[in-house]
Amino acid sequence: MKVTAIYQRADANPFRESECNYRRVTGRIPEGCTQEMIEQYAREATPAGYVFVGIERAE
1 MKVTAIYQRA
11 DANPFRESEC
21 NYRRVTGRIP
31 EGCTQEMIEQ
41 YAREATPAGY
51 VFVGIERAE
């Protein structure tokens with residue numbers, strides 16, 4: 001299953017959305033992973049200077 005983690009620059013204003021303030025990273029997760037496991041993996045992979053925002057699934 002393909003999952004995209006979304007990260008936002010730590011100093012970005014979320015109400016002034018700009019594409020350069022966000023980073024998306026897509027990965028393949030094995031079937032059977034829980035939502036909590038997927039979010040844990042995404043948080044552990046947070047790039048420096050960014051904060052984890054959420055997950056998008058692409059089945």
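Mapped onto our numbering, the consecutive letters of the sequence shown carry residue numbers 1 to 59. Cβ coordinates follow ideal geometry from the N, Cα and C atoms, glycine included. As the structure is a prediction and not an experimental result, all values here were calculated from the model.
- Of the candidates 54, 50, 42, 10, the residue whose Cα lies closest to the Cα of residue 27 is 42.
- Non-local beta-carbon contacts of residue 23 in its own chain, meaning distances under 7 Å to residues more than five positions away in sequence, involve 7, 47, 50 in chain order.
- Closest in C-alpha terms to residue 5, from the list 36, 34, 25, 14, comes 25.
- By the criterion of a C-beta distance shorter than 7 Å, residue 12 is surrounded in its chain by 21, once the five residues flanking it on both sides are discounted.
- For residue 1, the closest alpha carbon among the candidates 15, 18, 30, 14 is that of 30.
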